[in-house]
């Protein structure tokens with residue numbers, strides 16, 4: 001009887017997200033680093049290593065690096081306009097598209113490129129996507145740039161995604177012009193489970209009053225591997241499909257935290273081992289519309305969630321009346 005060589009089972013994908021107050025060179029020296037992100041004017045603008053990306057949103061104080069690490073060694077490179085890295089069943093990718101004011105075309109080009117990349121990749125399942133664009137709420141009614149972005153994104157994808165295919169996502173506006181649309185993502189060999197918030201209408205079912213093309217994302221995503229955190233989409237003070245609390249920053253922040261709590265509870269129904277509340281293993285990014293409110297929001301976050309790592313950024317939410325939004329990872 002012949003014996004086949006023993007092949008050990010594939011290791012479950014593991015991702016650790018941490019905020020690190022360390023030099024970029026030190027972070028990049030780690031062979032297990034999948035990606036590192038700098039924020040604000042103090043962060044390096046660029047680096048030859050494709051694992052580094054700067055997000056040009058102004059930061060409150062000196063923001064730490066956001067570091068993604070996996071258990072195994074990471075390969076990385078560039079493929080035309082896409083910077084990428086991969087290891088342990090996960091892949092980071094990023095590209096930037098020139099935006100001369102036509103965000104619909106920029107989003108179309110960016111997402112068509114992303115779809116081709118995923119189709120040719122051995123990490124074809126997008127788990128989490130970030131979109132940073134200029135002047136997100138500029139324009140009136142259906143000419144508003146966020147609404148045109150949603151149209152362009154759908155056209156670039158080229159088909160209607162089923163609810164079970166939707167990634168978690170964030171779309172935030174730069175407070176100053178950059179002239180580019182920045183798109184980056186985390187994809188995997190194995191698909192995750194999109195989650196919705198029972199307090200909110202699914203974004204892809206928004207009524208026509210919010211634009212001709214509903215946004216295409218899930219409120220959160222639970223990766224297939226239990227060694228990965230819950231991936232939280234950009235979350236604002238929306239209940240049902242309506243914005244809440246008018247001009248009250250504090251009330252809006254509390255509504256955001258209630259929505260995050262609801263998402264965590266939903267995820268725990270499938271993965272009971274997740275912590276019931278945000279804690280030291282959670283990593284949150286807080287986007288604040290008004291620069292003058294950054295210190296206040298930081299203080300409120302310290303009071304509401306002491307001990308939870310956070311980065312507070314000056315960024316515009318996709319509705320003008322919404323003053324704050326939070327995304328991140330949990331568990």
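In full-length UniProt numbering, the protein residues as written are 1 to 331.
Note that beta-carbon positions come from the ideal geometry of N, C-alpha and C, so glycine has one too.
C-beta contact flag for residue i and residue j at 9 Å
| i | j | result |
| --- | --- | --- |
| residue 118 | residue 221 | no |
| residue 168 | residue 131 | no |
| residue 178 | residue 100 | no |
| residue 48 | residue 54 | no |
| residue 89 | residue 16 | no |
| residue 187 | residue 91 | yes |
| residue 281 | residue 268 | no |
| residue 182 | residue 239 | no |
| residue 305 | residue 274 | no |
| residue 67 | residue 20 | yes |
| residue 301 | residue 232 | no |
| residue 313 | residue 172 | yes |
| residue 145 | residue 213 | no |
| residue 155 | residue 184 | no |
| residue 82 | residue 93 | yes |
| residue 72 | residue 125 | no |
| residue 120 | residue 148 | no |
| residue 278 | residue 245 | no |
Residue(s) in a DSSP beta bridge with residue i
| i | result |
| --- | --- |
| residue 200 | 240 |
| residue 327 | 285 |
| residue 245 | Paired residues: none, contrary to the question. |
| residue 210 | For residue 210, which the question treats as bridged, DSSP gives no partner whatsoever. |
| residue 173 | 133, 316 |
| residue 337 | The chain is shown only over 1 to 331; residue 337 falls outside these bounds and no answer can be derived. |
| residue 146 | Paired residue(s): none; residue 146 is not in a bridge. |
| residue 78 | 83 |
| residue 187 | 91, 126 |
| residue 59 | 313 |
| residue 65 | 20 |
| residue 182 | 96, 132 |
| residue 168 | 128, 218 |
Opening and closing residue of the alpha helix (DSSP H) in which residue i lies
| i | result |
| --- | --- |
| residue 70 | No alpha helix (DSSP H) holds residue 70; DSSP gives it neither H nor E. |
| residue 277 | Premise fails: residue 277 is in no alpha helix (DSSP H) and is neither H nor E. |
| residue 28 | 24-28 |
| residue 300 | 294-304 |
Range covered by the beta strand (DSSP E) that runs through residue i
| i | result |
| --- | --- |
| residue 103 | First-last for residue 103: 103-120, but that is the alpha helix (DSSP H), not the beta strand (DSSP E). |
| residue 17 | 16-20 |
| residue 55 | 52-55 |
| residue 96 | 90-98 |
| residue 39 | 33-39 |
| residue 234 | 230-235 |
Chain B within 9 Å of residue i, Cβ atoms only
| i | result |
| --- | --- |
| residue 225 | The structure shown contains no chain B; it is built from a single protein chain. |
With a cut-off of 8 Å, do at least 3 Cβ pairs link the stretch 249-261 to the stretch 201-212?
no
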